[in-house]
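Chains as they are written, first to last, in the numbering used here: chain A, 35 to 398; chain B, 2 to 897.
No residue lacks a Cβ here, since even glycine has one placed at the ideal position from N, Cα and C.
What follows is one structure encoded as structure tokens, with my remarks underneath.
Right, here's the structure in full:
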């Protein structure tokens, strides 16, 4: 009897152990908002595909609060460290220059100078616009993608993945690439939706893999050919994005080594999860500095890149047998507007829709 | 086998016959040679004082023939010597002026008193060789009766007034008046030893203590009360394995390193921390050695358990203040772990069984009293638990380890022995099919010990060690495997010279060769197999040292020494060269030079003086002060909050200068109520040069220009340690509190090579307040509770202070200066309950059952805090608690 009693105790203890040991050990705590520090944020740059070069300038505020726009600043592009181009303030904090005034030249170096109204001066290190590396082809598929939740548990979700196949120059010692993938899709209203049986067609645009920087470097792996290299993804959900034509536009930017290192560091600190393998985070310094006070941090990066673009066109038929799409006859108003109203004017005339409505792109 | 330390004098006596005629030729010979001839021819044994003088006195006359007394009278006439016929023996003594019949009668009286005083007494010395002074020197050893392991810190009392404390080698030396005494020997975790003894003359005694196999009324951590007062070594802490086993532990596994964390001045970055920090030093600044073999990664399961099998360990000594010169190679502390000596009398087997791991320990003689061995092992079988978990990734994960200790001793002669100690361990951690770590450690130490003469001991060690690490990542863009590691060969020749009770001199040579393994990388791009490797610099360190522990008087003790270390880095290796006067970056690399195999790349020399001094104010109070300078040529390169298995060990070279530390300690020690209470206050200050820190976002792996990611910085730490212990009675335990700061500073000319713009910043483990309370309550003779409460300040962290948007890629965080903030404070309570009755004890074996709960109130202590900021969402802070729940355990330990 005594042995039985001990055995029971042991089993209870073991069961208790198992029930406890795998409890979630991550929990939210109040964030220390710290103290407000004022740093310049530089967001923008130059590339060969843009008709209008654009730079946004802001000041940081306290953590979690919206930044302030930098107004009234004098912003210059400097080509080959000699020729200057003055940008115009189009919106508060936004400075632009169009292609008629400024057209970047392959092989030239570019930097930015910022003179604020309170007398601060900032300047970036020059970056050379390198020759474009063309995309050979794009591929896509639908397959599960693992997402690790904040508490460390991994789940698989179906995602549409976009890949590139690209040949890299065999002569260059280091090639650094960064990808941006833009989605655009067409959606047409149903004729029975309005009394005139009019079909309205709209175009929507959005970015993919938000917050996930897609980068590549062959500086330490000697790779000379990228085959089906993942450059973008989008988790699939029950919606109407793919019931008509859908495009993925892949921008393959060739960037400098410092730019690659900058974005790679950002990628590192944005994926920290507190594990023992995490490197200790740090402020990421870009290529812009305060001329008079180098210790004053400047956030962001003035990016000079040469880009190639290719697109994938998807029709609903491409999903047949792979991923079930919603029937357009179903109520899509709630999807468009977050409303369950079935007969609602904008729902039947998507020209009423606010952002993210876009004009039919020229390349469509 | 340990009797090589015994110092015995034997005099063989035979019957003295005064009737036989003796005839010897004396002319031209010394008195000594004539007496020796008489001794040989007549089987008479002479006890001769001052042989040198007798050897110098030459006889010019012939010796008459006669009986023994006649010849001796003639021989010693006018020599200043005379003789005593003492029972059946003859003692030749000098200084005849003080020899008279009264004195002689005194000896006889003493002898009579001794013989009549106590029955069944232990005799020390020979009743027939009582010294003329009435004094005797008693030398002794205190051993563990089950395995002959030496017990340091035991208090040996001859009566009430004559008290000695055993050295770390279990030895003591006691000057006594001849007479009868009650001998008592006591130390933690052992039964009190008591016996009447009779001291006749100089002699020796071996005392065997037997462990209290259940529970003891006393638990102490640290040296015994008296040795604590008298020892010249400041900042030394000793842990006995029985004390370690009594502490509540994680999943029931007694843990040497976790027990250290209860001592003042010792801390870690968190629950999954490989290693520990001593007085503000980095984890790589601790020399962690087991029977002479040092460990680079002394942990299992990413730091949850230590690499040391508590069943195989005899004694743990941490030198955190003064480090004697025979130890070196690290800048902060020395953790000296001594394994048991295998039992050379009988076989025994003990072990433990738990739900996730088991262990065993087997020891016994191979050849009785000559050769003995032990084999101990621990292994986990936690996979079956993971299989029970619903999460598919955890289900496909693995986390296991094993380790084995082996030791064999062989007694060559009574004064010499040889031993081999081996250790091997393996850890494997795999998360689903994503990534995995593995690391292995193997060491082997061959040791020869000999007593060259009564006062000189020799110890020769040769050690080989290898550590291998690997990391696989299947989730990376290019799946890859990375391997690195370190090999070393170490040899040490140590001489120990003792001189009476006043000097204990260690001197010798210590040489270590470090051979980093090739850092290998292999990757599979899908179409190509890529292989690359980086060869890191080799290094070797040779040190000559001498250290003397001097007993100046009953009040003053001194330990003084110097260690001169000579180091060189050598090829084969390519060394990069950089532009002078510019930041050391890959952009400023100007070329490189290849050094052939064995060719010296860079050499360094460091004299390391050591001194420590104690002043015993009274039998219950003392002051101690020490200064050490220590150099270190091996550096752990890491850019994570706590070390991971893949972190690189890098040798000093042209770029990485040797680390050095100047350590100052001062302490006041006071006992109360007949040593029931022990208190101390220690203060320390340390100054570090050439510490290694990394630049922000350093790429430390497979980097053939790793020097561009590192910088030499300086550091300092200071603090105070308060220790209050109730060493006796029930309940007992101790309270330790430490206030300490650990700061770093980079003072380079270039902004990219400075941290926090050159200002002082907190080290990763700067936790100002640390408090530990250990309490043992004996409920019954066979049942006891143990409590352990821990509190510490949160460790430093780098936290976001602002955020910004970049295009459509979302919002990114801008972080503060390095280690500007702190994570929340840490506290935890552990409880254990041990009993040894009922079903678990039979007449064939004995065992104990321990129920323990780690983190009783299930506090989710933060190991780290991290932040997420999603687009259009406010910033959110999360804390990661590695062991964020109460962890119960049950362990059954048995012994056959």
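With burial defined as no fewer than 16 other Cβ atoms inside 10 Å of the residue's Cβ, what is the status of residue 29(B): buried or exposed?
Numbered from its first residue, the second chain carries residue 29(B) at position 28. Counting of Cβ neighbours within 10 angstroms places residue 29(B) among the exposed residues, the total staying below 16.
By how many angstroms is the C-alpha of residue 498(B) removed from the C-alpha of residue 505(B)?
Position 504 of the second chain, counting from 1, holds the residue named residue 505(B). Position 497 of the second chain, counting from 1, holds the residue named residue 498(B). If you take the alpha carbons of residue 505(B) and residue 498(B), they lie about 6 Å apart.
Taking the Cβ atom as the reference point for each residue, do residue 164(A) and residue 198(A) lie within a distance shorter than 8 Å?
The residue you call residue 164(A) lines up with position 130 of the first chain. The residue you call residue 198(A) lines up with position 164 of the first chain. It is not a contact, given that the beta carbons lie outside the stated cut-off.
Shorter than 7 Å, the distance from the beta carbon of residue 241(A) to the closest heavy atom of the ligand ATP, or not?
The ligand ATP is not among the ligands present in this structure, which contains no ligands whatsoever.
Which ranges does the alpha helix (DSSP H) cover as unbroken runs of at least 4 residues, wholly within the segment 235-310 of chain A, from first to last along the chain?
The alpha helix (DSSP H) runs of length 4 or more contained entirely in the segment 235-310 of chain A are, from start to end of the chain, 291-304.
Looking at C-alpha atoms only, which residue of 182(B), 208(B), 819(B) is the closest neighbour of residue 201(B)?
Locating residue 201(B) in the second chain gives position 200, where the first residue counts as 1. For residue 201(B), the nearest C-alpha among the options comes from 182(B).
Could you tell me whether the Cβ atoms of residue 138(B) and residue 203(B) are closer together than 8 Å?
Sequence index remark: in the second chain, residue 138(B) carries index 137 (1-based). Sequence index remark: in the second chain, residue 203(B) carries index 202 (1-based). In this structure, the beta-carbon distance from residue 138(B) to residue 203(B) falls below 8 Å.
Let me know the secondary structure DSSP gives residue 355(A) once reduced to three states.
On the first chain, position 321 is the one that residue 355(A) refers to. Coil, per DSSP.
Under 9 Å between beta-carbons, which chain A residues line up against residue 166(B)? List them in chain order, please.
Residue 166(B) sits at position 165 when you count from the first residue of the second chain. Listed by position along chain A, the residues whose Cβ is nearer than 9 Å to that of residue 166(B) form an empty set, because the closest Cβ is around 42 Å away.
So what does residue 118(A) bridge to, in DSSP terms?
Counted from its first residue, the first chain places residue 118(A) at position 84. Looking at the DSSP assignment, residue 118(A) forms a beta bridge with 112(A).
Can you confirm whether residue 178(A), when its beta carbon is compared against all beta carbons of chain B, has any partner nearer than 8 Å?
Along the first chain, read from residue 1 onward, the residue named residue 178(A) stands at position 144. With 8 Å as the cut-off, residue 178(A) does not count as an interface residue toward chain B.
Compute the distance between the beta-carbons of residue 76(A) and residue 336(A), then report whether it is under 8 Å.
As a position in the first chain, residue 76(A) is number 42, starting the count at 1. As a position in the first chain, residue 336(A) is number 302, starting the count at 1. Taking 8 Å as the Cβ cut-off, residue 76(A) and residue 336(A) qualify as a contacting pair.
Mark residue 381(B) as exposed unless 16 or more other C-beta atoms lie within 10 angstroms of its C-beta, in which case mark it buried.
Here residue 381(B) is taken as the residue at index 380 of the second chain, counted from 1. With 16 or more other Cβ atoms inside 10 Å of its own Cβ, residue 381(B) counts as buried.
Determine which residues share a DSSP beta bridge with residue 86(A) and list them.
The residue you call residue 86(A) lines up with position 52 of the first chain. According to DSSP, residue 86(A) bridges with 132(A).
Along the segment 799-823 of chain B, where does the CB come closer than 9 Å to a CB of chain A? Name the residues.
Cβ contacts with chain A: 799, 800, 801, 802, 803, 804, 805, 806, 807, 808, 809, 810, 811, 812, 813, 814, 815, 816, 817, 818, 819, 820, 821, 822.
Assign residue 157(A) to buried or exposed, taking buried as 16 or more other Cβ atoms, counted over all protein chains shown, within 10 Å of its Cβ.
The residue given as residue 157(A) occupies position 123 in the first chain. Counting C-beta atoms within 10 angstroms of its own C-beta, residue 157(A) has 16 or more neighbours from the protein chains shown and is therefore classed as buried.
What is the rounded straight-line gap between the Cα of residue 206(B) and the Cα of residue 141(B)?
Taking the second chain and counting its residues from 1, one reaches residue 206(B) at position 205. Taking the second chain and counting its residues from 1, one reaches residue 141(B) at position 140. The alpha-carbon of residue 206(B) is positioned some 5 Å away from that of residue 141(B).
State yes or no: is the beta carbon of residue 343(A) nearer than 8 Å to at least one beta carbon in chain B?
Reading the first chain from its first residue, position 309 is the one you call residue 343(A). Residue contact with chain B for residue 343(A): absent (no Cβ-Cβ distance below 8 Å to any residue of chain B).
Complete beta strand (DSSP E) runs within the segment 511-589 of chain B (minimum length 3 residues, chain order)
For the segment 511-589 of chain B, whole beta strand (DSSP E) runs of length 3 or above, ordered along the chain, are 520-525, 530-535, 539-552, 557-571, 574-579.
Below 8 Å, can you find three or more Cβ-Cβ pairs linking the segment 283-293 of chain B to the segment 873-882 of chain B?
Here the segment 283-293 of chain B makes no contact with the segment 873-882 of chain B; the two share fewer than three CB pairs at distances below 8 Å.
In this structure, how does DSSP classify residue 247(B) when only helix, strand and coil are distinguished?
Here residue 247(B) refers to the residue found at position 246 when the second chain is read from its first residue. Residue state, collapsed to three classes: helix.
If you reduce the DSSP assignment to three classes, tell me which class residue 380(B) lands in.
Here residue 380(B) refers to the residue found at position 379 when the second chain is read from its first residue. DSSP places residue 380(B) in the strand class (E or B) of the three-state scheme.
Report the option in 408(B), 415(B), 428(B), 797(B) whose CA atom is closest to the CA atom of residue 421(B).
Residue 421(B) sits at position 420 when you count from the first residue of the second chain. Checking every option, the nearest Cα to that of residue 421(B) belongs to 408(B).
Chain A beta carbons: is any one of them nearer than 8 Å to that of residue 485(B)?
Here residue 485(B) refers to the residue found at position 484 when the second chain is read from its first residue. For residue 485(B), no CB of chain A lies under 8 Å from its own CB, so it is not counted at the interface with that chain.
Looking at the secondary structure, which residues open and close the alpha helix (DSSP H) in which residue 69(B) lies?
For this step, residue 69(B) is matched to residue 68 along the second chain. In the DSSP assignment, residue 69(B) falls within the alpha helix (DSSP H) that extends over 69-77.
Check the DSSP bridge columns for residue 307(B) and list the partner residues they point to.
Mapped onto the second chain, residue 307(B) falls at position 306. Answer by DSSP bridge pairing, in chain order: 300(B).
Which residues mark the beginning and the end of the beta strand (DSSP E) in which residue 200(B) is found?
For this step, residue 200(B) is matched to residue 199 along the second chain. That run of the beta strand (DSSP E) goes 194-200.
Does any C-beta atom of chain B lie closer than 8 Å to the C-beta of residue 317(A)?
In the first chain, residue 317(A) corresponds to position 283, counting from 1. Interface residue (Cβ-Cβ distance to chain B less than 8 Å): residue 317(A) is classified as such.
Interface residues of chain B facing residue 65(A) [CB-CB closer than 7 Å]:
Here the question's residue 65(A) lines up with position 31 in the first chain. 868, 876, 877, 878, listed in chain order.
Please name the residue in 419(B), 496(B), 415(B), 647(B) whose C-alpha comes closest to that of residue 438(B).
Against the second chain, residue 438(B) aligns to sequence position 437. Distance from the Cα of residue 438(B) is smallest, within the candidate group 419(B), 496(B), 415(B), 647(B), for 647(B).
So, using beta-carbon positions, are residue 298(B) and residue 270(B) closer together than 8 Å?
Indexing the second chain from 1 puts residue 298(B) at position 297. Indexing the second chain from 1 puts residue 270(B) at position 269. Going by C-beta atoms, residue 298(B) is not nearer than 8 Å to residue 270(B).
Can you have a look at residue 884(B) and say buried or exposed, based on whether 16 or more other CB atoms are within 10 angstroms of its CB?
For the purposes of this step, residue 884(B) is identified with residue 883 of the second chain, where counting begins at 1. Per the 10 Å Cβ criterion, buried.
Among 373(B), 699(B), 454(B), 401(B), which has the Cα closest to the Cα of residue 419(B)?
For the purposes of this step, residue 419(B) is taken as residue 418 along the second chain, with counting starting at 1. For the residues 373(B), 699(B), 454(B), 401(B), the minimum Cα distance to residue 419(B) belongs to 373(B).
Which of the three DSSP states, helix, strand or coil, is assigned to residue 284(B)?
In the second chain, residue 284(B) corresponds to position 283, counting from 1. In the structure shown, the three-state DSSP call for residue 284(B) is helix.
Rounded to whole angstroms, what's the CA-CA distance from residue 350(A) to residue 114(A)? Just pull it up for me.
Looking up residue 350(A) in the first chain gives position 316. Looking up residue 114(A) in the first chain gives position 80. Their Cα atoms are separated by approximately 48 Å.
Taking the C-alpha atoms as reference points, what is the distance between residue 97(B) and residue 266(B)?
Here residue 97(B) refers to the residue found at position 96 when the second chain is read from its first residue. Here residue 266(B) refers to the residue found at position 265 when the second chain is read from its first residue. Confidence at residue 97(B) is low in this model, with a pLDDT of 46, below 50, so the placement of that residue is unreliable and no value is reported for it.
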